[in-house]
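According to our numbering, the sequence shown holds residues 641 to 759 in order. Where is the CB? At the ideal position from N, CA and C, for every residue including glycine. Quantities reported herein were computed from a predicted structural model and do not represent experimental measurements. Here the structure is laid out as structure tokens; the discussion comes afterwards.
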Amino acid sequence: MKQIPLNKGGRPVVSEGRRKKYLLSLRLDAEHYFKLKSLVRTSGYGTAEVLRQLISAGRVRERLRREHLDFMSQLKGMARNLNQLTCLTHAKGFTGIVSRHADIVASIEALLRNLRDDR
């Protein structure tokens, strides 16, 4: 007797609550239309996703750009150095590492501030 596989593969079924089945038709005047298009252009998302974010959060955050990715890679390198210094501190003691530790923490805070202000 031949068995029929239950799972045939493919994309999993989307649950009823997550299914996007409601269609919204919207008329805008010129001012609101161009404001929406400006949000779409600066955010990097599509019109529908921008409207979803506006409905759920009341604001639209743009996607990460190349400049942000450069900040993130710098931040990752500094975090790695900070982790190495922490391990060294546990091994040798805190007195010899304090100055380097403070410099790295200050530069990480500056990078995070730049990332937050730029987005």
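Between the CA atoms of residue j and residue i - distance to the nearest angstrom
{"i": "Leu694", "j": "Asp757", "result": "20 Å"}
{"i": "Ala697", "j": "Gly650", "result": "32 Å"}
{"i": "Gly733", "j": "Cys727", "result": "10 Å"}
{"i": "Arg699", "j": "Lys661", "result": "23 Å"}
{"i": "Thr735", "j": "Asp710", "result": "32 Å"}
{"i": "Leu704", "j": "Glu656", "result": "31 Å"}
{"i": "Leu663", "j": "Val690", "result": "15 Å"}
{"i": "Arg692", "j": "Ser665", "result": "14 Å"}
{"i": "Ile748", "j": "Leu646", "result": "51 Å"}
Span of the alpha helix (DSSP H), counted from its first residue to its last, around residue i
{"i": "Ile695", "result": "687-697"}
{"i": "Glu656", "result": "Here Glu656 belongs to no alpha helix (DSSP H), and DSSP marks it neither H nor E."}
{"i": "Gln717", "result": "The identity of residue 717 in the sequence shown is Gly, whereas the question assumes Gln. Element bounds for Gly717: 706-732."}
{"i": "Leu679", "result": "670-683"}
Buried or exposed by the 16-neighbour rule on C-beta atoms within 10 Å, applied to residue i
{"i": "Val745", "result": "exposed"}
{"i": "Val653", "result": "exposed"}
{"i": "Val738", "result": "exposed"}
heavy atom of the ligand NAP below 7 Å from residue i C-beta
{"i": "Ser713", "result": "With respect to the ligand NAP, the structure offers nothing, as it holds no ligand at all."}
Simplified DSSP state of residue i, which is helix, strand or coil
{"i": "Ser665", "result": "coil"}
{"i": "Ile737", "result": "coil"}
{"i": "Arg703", "result": "coil"}
{"i": "Asn754", "result": "helix"}
- prompt: Per the contact definition of three or more C-beta pairs closer than 8 Å, is the segment 672-689 in contact with the segment 709-719?
  reply: no
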